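Beneath this line is the structure, given in structure tokens, with notes to follow.
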Amino acid sequence: MDRFAPITRWYGARPLHLLALLASFALTGYAVQRLVAERPLAVAVWFVGAAVAHDLILLPLYSIADLSARSVLRRLPEPVPAVPWINHLRVPACLSGLLLLVWFPLILRLSEPYPGATGLSDEVYLPRWLVITGVLFGASAVALAFRIRGARRAGRSARAGEHGVREP
């Protein structure tokens, strides 16, 4: 019998998950308390602005992008085994978009450069973001290729098992 069964039944996950969640809430509460103590109006404006920008701008944009990608790629013939591929597109796009969102003033050269703090000119941010984006999508494509290869092998061995033939 699992000694964590009552907690798992009550909470829905293992106790370590609950502990990590409570620790993240404590850390977030501490950070919010420190920020609100220093600049309460700026935190409130940022929070409301982030919620409005996400709900009115970002959510429709990435929902349309996701629906477009799924509709375009759904119409292609499927020569490979069915592997859930959409997250191999979503994850690098989300990470790249998050990097762009955080660093867009420097990537798009809209702010004063920080050569005193970083020693870099503003010309390095766009190429580096593009390289990071390419690496993210490339790594995701490699991971998808390995999943497709594994699905093909599993399909071949299942077909061979149905016909009584052993795979070499």
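Sequential numbering from 1305 applies to the sequence shown in my numbering.
Cβ coordinates follow ideal geometry from the N, Cα and C atoms, glycine included.
These numbers were taken from a predicted model, which means no experiment stands behind them.
message = My parser needs the alpha helix (DSSP H) runs of 4 or more residues fully inside the segment 1392-1453; what are they?
response = 1419-1422
query = Run through DSSP, which three-state label would A1317 get?
reply = coil
Buried/exposed call for L1365, threshold 16 Cβ in 10 Å = exposed
request  = Let me know if D1306 comes out buried or exposed under the rule of 16 or more other beta-carbons within 10 Å of its beta-carbon.
outcome  = exposed
request  = Measure from the alpha carbon of V1406 to the alpha carbon of each residue in L1430, V1387 and I1390, then state which is nearest.
outcome  = L1430
query = With 16 as the cutoff for other CB atoms within 10 Å, does S1444 come out buried or exposed?
reply = buried
ask   = When the Cα atoms are used, what is the spatial distance from R1318 to I1311?
value = 7 Å
ask   = D1370 by DSSP, collapsed to three states: which one?
value = helix
task = Given a cut-off of 8 Å, decide if L1363 and P1396 are closer than it, judged by their beta-carbon atoms.
result = no
ask   = How close, in whole Å, do the beta carbons of R1338 and D1370 come, if the pair is a contact with beta carbons under 8 Å?
value = Not quite, the Cβ-Cβ distance comes to about 36 Å (not below 8 Å), so this is no contact.
inquiry  = Quick check on E1471: does DSSP put it in helix, strand or coil?
reply    = With a pLDDT of 48 at E1471, under the threshold of 50, the modelled position of that residue is not reliable, and the figure given next carries that caveat. Reduced to three states, the DSSP call for E1471 is coil.
query = Does the distance from the C-beta atom of L1424 to that of V1387 stay below 8 Å?
reply = no
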